[in-house]
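Since the structure comes first, as structure tokens, the remarks are kept for the end.
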């Protein structure tokens, strides 16, 4: 009887919807875990269920998913996993190596799975809607933290001294991860006025953009401030090159006005002159780049530590004969360098890929990243499909900024927002290439 009232959903569609729910669950991480069991998160439960479902699908269909036009990207991700597993043979800390390899498999399948699951306009809209709603929740929590003493129990700031309590983390562990998450989505928000005329969408984008700027001020992440400055001209460049398929004049005026408003909010906050929700003086000091230069020269503070980590990381990769030390093993070697016994996370994703994966993986990753950017740029500047153009434009600007933003997180091997952006990028490129092939046929 129940079947008569329920819509018939194929096994493939059920897997697709499960994957779409997996995206926000991945961002939430341990914030959406069973109380008292942080490892038992909604993401991991969904991931295991979908993995079993995918294996069953392969056994039933006896074939791989068809119509995947981003195969070279997928092959590199597969090579990365294979090399990671092979490098366990010489990894010093094999337990941590296995743990980080599992993370890599999960993150790679999150990115690659997007190209398979998000294979039509409807699924792309749903993915963006779910991730956009989650962003709104994250911003609400961040603003609540800035205005009150509220803090989620999963925040790494819980229990730390008072001098750290000015910052906000939302449902992330630390403020650097939250800042990087904001910097990845801010260009997508700023692209909205150029692609839609719906008042509700315009209002939501404006409010979320300004809220993102305010929350960013409460993180003190200078790397992501530089990422923001880099993504603005990237965003405007793509929009200007959309020949014959660009936005209307009033959309340009509104969009540029929003960019200026966000930039002014960030600037006023960094100099301590914001009329509302101004970070305290200790937070303003985090935005002083002059102190960063002095720290680097003196070899002290955040700047000095990063220079030491860079030197230590390069020494470790050279000692590995450029093969890499294996997943999760960079810290094992870095903490044995004098002066880095207590701060041993590389805080540089580019360097982490090089040190753990070796030259082969690093060169492959650089090519992967460059080709992803180039393909997104082509989609953003050529397609007349508004949804694909909007998503490609926002992702292109975000990933341009992330070339610097990748210096913020202590480690990005399990930083799901980055892998989701990779996945969304692959999905957009795949959809565009399908359209091109259909038009040529």
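Numbering (this note's numbering), first residue to last: 1121 to 1561. Glycine included, every Cβ here is placed at the ideal spot set by N, Cα and C.
Is the separation between the beta-carbon of residue i and that of residue j shorter than 8 Å?
| i | j | result |
| --- | --- | --- |
| residue 1231 | residue 1197 | yes |
| residue 1564 | residue 1254 | No information on residue 1564 is available, as it lies outside the stretch 1121 to 1561 that the chain covers here. |
| residue 1507 | residue 1271 | no |
| residue 1199 | residue 1545 | no |
| residue 1143 | residue 1540 | yes |
| residue 1258 | residue 1223 | no |
| residue 1385 | residue 1374 | no |
| residue 1538 | residue 1552 | no |
| residue 1528 | residue 1300 | yes |
| residue 1298 | residue 1262 | yes |
| residue 1517 | residue 1355 | yes |
| residue 1341 | residue 1295 | yes |
| residue 1457 | residue 1432 | yes |
| residue 1445 | residue 1212 | yes |
With distances taken from CA atoms, which of the options is nearest residue i?
| i | options | result |
| --- | --- | --- |
| residue 1372 | 1315, 1171 and 1489 | 1315 |
| residue 1179 | 1132, 1305 and 1409 | 1132 |
| residue 1402 | 1375, 1238 and 1392 | 1392 |
| residue 1283 | 1228, 1206 and 1406 | 1406 |
| residue 1532 | 1243, 1509, 1471 and 1424 | 1471 |
| residue 1191 | 1236, 1390, 1447 and 1341 | 1236 |
| residue 1440 | 1173, 1240 and 1210 | 1210 |
| residue 1514 | 1559, 1188, 1396 and 1302 | 1302 |
| residue 1595 | 1500, 1277, 1225 and 1469 | Outside the shown range of the chain, which is 1121 to 1561, sits residue 1595, and nothing can be said about it. |
| residue 1162 | 1172, 1141 and 1182 | 1141 |
| residue 1260 | 1214, 1278, 1207 and 1327 | 1327 |
| residue 1343 | 1308, 1387, 1409 and 1324 | 1409 |
Please go through the same chain and pick out, in chain order, the residues whose beta-carbon is closer than 7 Å to the beta-carbon of residue i, but skip the five residues on each side of it.
| i | result |
| --- | --- |
| residue 1379 | 1310 and 1352 |
| residue 1203 | 1477, 1480 and 1481 |
| residue 1464 | 1451, 1454 and 1455 |
| residue 1306 | 1329, 1332 and 1348 |
| residue 1234 | 1543, 1544, 1546 and 1547 |
| residue 1122 | In this prediction, residue 1122 scores a pLDDT of 43, lower than 50, which makes its location untrustworthy; no coordinate-derived value is stated. |
| residue 1220 | 1447, 1448 and 1533 |
| residue 1467 | 1426, 1429, 1527 and 1530 |
| residue 1241 | 1507 |
| residue 1250 | 1140, 1143 and 1144 |
Report the rounded CA-to-CA distance for residue i versus residue j, giving the unit in angstroms.
| i | j | result |
| --- | --- | --- |
| residue 1449 | residue 1426 | 18 Å |
| residue 1525 | residue 1349 | 11 Å |
| residue 1160 | residue 1502 | 44 Å |
| residue 1130 | residue 1475 | 44 Å |
| residue 1166 | residue 1360 | 41 Å |
| residue 1512 | residue 1498 | 9 Å |
| residue 1459 | residue 1555 | 55 Å |
| residue 1216 | residue 1428 | 23 Å |
| residue 1557 | residue 1504 | 15 Å |
| residue 1370 | residue 1317 | 10 Å |
| residue 1229 | residue 1424 | 36 Å |
| residue 1312 | residue 1438 | 45 Å |
| residue 1536 | residue 1226 | 10 Å |
| residue 1155 | residue 1279 | 19 Å |
| residue 1487 | residue 1493 | 10 Å |
| residue 1281 | residue 1172 | 44 Å |
| residue 1323 | residue 1560 | 39 Å |
| residue 1238 | residue 1308 | 18 Å |
Excluding the 5 residues flanking residue i on each side, which residues of the same chain have their C-beta closer than 8 Å to its C-beta?
| i | result |
| --- | --- |
| residue 1461 | 1455 |
| residue 1188 | 1194, 1235, 1236 and 1550 |
| residue 1201 | 1221, 1224, 1225 and 1228 |
| residue 1205 | 1221 |
Might you give, ordered along the chain, the residues of its own chain that have their beta carbon closer than 6 Å to the beta carbon of residue i, omitting 5 neighbours on each side?
| i | result |
| --- | --- |
| residue 1338 | 1266, 1287, 1288 and 1399 |
| residue 1193 | 1546 |
| residue 1367 | 1314 |
| residue 1186 | none |
| residue 1274 | 1150 and 1151 |
| residue 1382 | 1329 and 1333 |
| residue 1443 | 1478 |
| residue 1126 | Note that residue 1126 scores 45 on pLDDT, short of 50, meaning its location in the model is unreliable and no value can be drawn from it. |
| residue 1567 | Residue coverage of the chain in this structure runs from 1121 to 1561, which leaves residue 1567 outside it and unanswerable. |
| residue 1264 | 1270 |
| residue 1469 | 1526 and 1532 |
For my contact list, residue i and residue j are in at a C-beta cut-off of 8 Å; report their separation, rounded to the angstrom.
| i | j | result |
| --- | --- | --- |
| residue 1138 | residue 1170 | 5 Å |
| residue 1135 | residue 1177 | 6 Å |
| residue 1362 | residue 1495 | That pair is no contact at about 16 Å. |
Quick check: is the beta carbon of residue i nearer than 8 Å to any beta carbon in chain C?
| i | result |
| --- | --- |
| residue 1172 | Absent from the structure is chain C; it holds one protein chain and no more. |
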